[in-house]
Amino acid sequence: MRIELIGCTSAGKSTLARGILEGCRADGLDVVLGDDLVLGYLGLSRVGYPLLRSLLLNLMGVAAGLASWRSSRPLMSVAVRILRPLPIPLPTKVHTLRNVLKRLGIDALVRRRSAAGRVVLLDEGVLQAAHYLLVQLSVPVDGEALAAFARLAPRPDVAVYLRPPEAVLVARTLARGHPRVPRGSPEAAAVFVGRAVETFDGLAQCLAEDGRLVTVEDAGEVRVGAHQRSDPSVQRALQVLRAGLAAAGAGDLAATPVATPGAGATGRAG
5 MRIELIGCTS AGKSTLARGI LEGCRADGLD VVLGDDLVLG YLGLSRVGYP
55 LLRSLLLNLM GVAAGLASWR SSRPLMSVAV RILRPLPIPL PTKVHTLRNV
105 LKRLGIDALV RRRSAAGRVV LLDEGVLQAA HYLLVQLSVP VDGEALAAFA
155 RLAPRPDVAV YLRPPEAVLV ARTLARGHPR VPRGSPEAAA VFVGRAVETF
205 DGLAQCLAED GRLVTVEDAG EVRVGAHQRS DPSVQRALQV LRAGLAAAGA
255 GDLAATPVAT PGAGATGRAG
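Start counting at 1 in the sequence shown, then tack on 4, and there's your number in this note's numbering.
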């Protein structure tokens with residue numbers, strides 16, 4: 005089973021991923037990071053140097069993406085169409101395309117190699133590539149391109165959307181910095197975050213309609229579509245999330261129904 009964390013930069017995906025691994029280990033649940041699973045194919049899962057890990061994952065992901073080009077090509081074609089007119093340097097476009105191909109390749113490896121009964125956690129998967137492609141200061145979000153991306157991107161078994169308040173995301177972006185945001189510019193950070201939220205809200209809507217989506221909002225509030233609550237994969241994802249949120253200090257989750265405008269009835273999962 006594959007669970008992918010998605011959300012804006014600084015939404016807390018890496019923090020939640022660490023919490024999930026810690027909490028699930030304590031609860032005896034078999035969960036592994038997708039990157040560790042891929043490195044494990046070559047006996048390299050214990051490589052601790054970040055630069056070496058990144059290099060190995062780049063090589064393995066790109067190689068696997070090229071090897072499965074027939075399935076990679078549709079989304080890569082969309083990525084090229086999105087990037088071609090953008091007023092950004094050519095090396096940046098090439099780097100972005102490589103990242104998309106890498107994520108497609110890693111996804112293909114995870115799908116082929118994950119064992120039955122094991123949960124594979126992706127905190128930077130194919131769906132997250134929407135941020136690389138569509139969130140730019142120079143141009144607004146292209147709704148048609150987002151729809152094409154959502155249609156062609158391979159889906160995890162369950163997507164988990166981290167959605168803190170925009171003000172929190174802006175503050176974190178200003179504090180940590182981002183390569184596409186001028187340092188010390190609250191206005192630019194607000195525009196950038198607003199477009200990121202627009203992108204992931206749109207992607208989440210597509211996932212809620214024809215996939216499995218769990219949304220984690222501020223203070224660990226978890227929302228699940230009413231029609232998905234009884235789905236076994238969603239239930240298992242909620243078990244993993246409960247362990248992770250508790251380990252990350254987000255507190256317990258209640259089980260009272262809530263409603264999300266425009267999304268139909270939902271349930272706050274416990």
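Glycine included, each C-beta is placed from N, C-alpha and C at the ideal position.
Checklist line | Nearest residue (CA-CA) to residue 56, options 67, 66 and 43 | finding: If you number the sequence shown from 1, residue 56 lands on position 52. Per the Cα distances, 43.
Next item on the list: Between the Cα of residue 157 and those of 11, 192 and 80, spot the shortest distance and give me the residue it belongs to.
Entry: Walking along the sequence shown from the start, residue 157 turns up at place 153. The option with the nearest alpha carbon to residue 157 is 80.
Next item on the list: Using alpha carbons as the reference points, say which of 121, 199, 167 and 185 lies closest to residue 226.
Entry: Start at 1 with the first residue of the sequence shown, and residue 226 comes out as number 222. Of 121, 199, 167 and 185, the residue nearest in Cα terms is 167.
Note to self: Can you find the residues in the same chain that come closer than 6 Å, C-beta to C-beta, to residue 207, ignoring five residues on each side of it along the sequence?
What the structure shows: Here residue 207 is taken as the residue at index 203 of the sequence shown, counted from 1. The residues are 134 and 154.
Next item on the list: Give the single residue among 103, 132, 69 and 82 whose Cα lies nearest to the Cα of residue 114.
Entry: Along the sequence shown, one-based indexing puts residue 114 at 110. Ranking 103, 132, 69 and 82 by Cα distance to residue 114 puts 69 first.
Note to self: Please report the straight-line C-alpha distance between residue 124 and residue 21, rounded to a whole angstrom.
What the structure shows: Your numbering for residue 124 matches position 120 in the sequence shown. Your numbering for residue 21 matches position 17 in the sequence shown. Going by the C-alpha atoms only, they are around 11 Å apart.
Item checked: Residue range of the beta strand (DSSP E) that includes residue 100 -> Position 96 of the sequence shown, counted from the first residue, corresponds to residue 100. No beta strand (DSSP E) contains residue 100, which is instead part of the alpha helix (DSSP H) from 94 to 117.
Note to self: For residue 231, count the other beta carbons within 10 Å of its own beta carbon; 16 or more makes it buried, fewer makes it exposed. Which is it?
What the structure shows: Sequence index remark: in the sequence shown, residue 231 carries index 227 (1-based). The residue in question, residue 231, is exposed, as its Cβ has fewer than 16 Cβ neighbours within 10 Å.
Item checked: Counted within 10 angstroms of its Cβ, other Cβ atoms place residue 99 as buried (16 or more) or exposed -> By one-based count along the sequence shown, residue 99 stands at place 95. Answer is exposed; the Cβ neighbour count stays below 16.
Margin query: Rounding to the nearest angstrom, what Cα-Cα distance links residue 103 and residue 67 in this structure?
Written below: As a position in the sequence shown, residue 103 is number 99, starting the count at 1. As a position in the sequence shown, residue 67 is number 63, starting the count at 1. So the alpha carbons of these two residues sit roughly 12 Å apart.
Notebook entry, point to check: Can you tell me the Cα-Cα spacing of residue 18 and residue 127, whole angstroms?
Noted result: Here residue 18 refers to the residue found at position 14 of the sequence shown. Here residue 127 refers to the residue found at position 123 of the sequence shown. So the alpha carbons of these two residues sit roughly 7 Å apart.
Checklist line | residue 156, DSSP secondary structure in three states | finding: Locating residue 156 in the sequence shown gives position 152, counting from the first residue. Three-state result, residue 156: helix.
Note to self: Suppose the cutoff is 8 Å on Cβ atoms and the five residues either side in sequence are ignored; what does the same chain contact list for residue 150 look like?
What the structure shows: As a first step, residue 150 is located in the sequence shown; it is residue number 146 there, counting from the start. Same-chain partners within the cutoff: 134, 138, 203, 206 and 207.
Notebook entry, point to check: Who are the Cβ neighbours of residue 86 in its own chain at under 6 Å, not counting the five residues just before and after it?
Noted result: Mapped onto the sequence shown, residue 86 falls at position 82. Result list for residue 86: 137 and 149, in chain order.
Notebook entry, point to check: Excluding sequence positions up to five away, which residues of its chain have a Cβ less than 7 Å from the Cβ of residue 35?
Noted result: The residue labelled residue 35 in the question sits at position 31 within the sequence shown. Answer for residue 35: 24, 25, 28, 123, 125 and 244, listed in chain order.
Notebook entry, point to check: What whole-angstrom Cβ distance do residue 228 and residue 164 have, given they're in contact under 8 Å?
Noted result: The count along the sequence shown starts at 1 and reaches residue 228 at position 224. The count along the sequence shown starts at 1 and reaches residue 164 at position 160. Not a contact, Cβ separation roughly 10 Å.
Check: Going by C-alpha distance, which of 190, 161, 38 and 162 is nearest residue 175?
Finding: For the purposes of this step, residue 175 is identified with residue 171 of the sequence shown, where counting begins at 1. Taking only the C-alpha atoms, the option nearest residue 175 is 190.
Next item on the list: Report the three-state DSSP secondary structure of residue 6 (helix, strand or coil).
Entry: Within the sequence shown, the letter at position 2 stands for residue 6. Reduced to three states, the DSSP call for residue 6 is strand.
Check: Measuring CA to CA, which of 152, 94 and 96 is closest to residue 210?
Finding: On the sequence shown, position 206 is the one that residue 210 refers to. Of the candidates 152, 94 and 96, the one whose C-alpha sits nearest the C-alpha of residue 210 is 152.
Notebook entry, point to check: Opposite residue 126 in the DSSP bridges: which residues?
Noted result: As a working mapping, residue 126 is identified with position 122 in the sequence shown. DSSP lists 8 as the beta-bridge partner residues of residue 126.
Notebook entry, point to check: Pick from 62, 45, 40 and 63: whose alpha carbon is nearest that of residue 52?
Noted result: As a first step, residue 52 must be located in the sequence shown, where it is residue number 48. Nearest C-alpha to residue 52: 40.
Note to self: I believe residue 118 touches residue 6 by the beta-carbon criterion, under 8 Å. Please report the beta-carbon distance rounded to the nearest angstrom.
What the structure shows: For the purposes of this step, residue 118 is identified with residue 114 of the sequence shown, where counting begins at 1. For the purposes of this step, residue 6 is identified with residue 2 of the sequence shown, where counting begins at 1. Correct: roughly 7 Å between the Cβ atoms.
Next item on the list: Taking residue 222 as the reference, give the member of 63, 172 and 116 with the closest Cα.
Entry: Counting from 1 along the sequence shown, the entry for residue 222 is found at position 218. Nearest of 63, 172 and 116 to residue 222, Cα basis: 172.
Next item on the list: Kindly indicate which three-state DSSP category residue 120 falls into: helix, strand or coil?
Entry: Working through the sequence shown from its first residue, we reach residue 120 at position 116. If DSSP states are grouped into helix, strand and coil, residue 120 belongs with coil.
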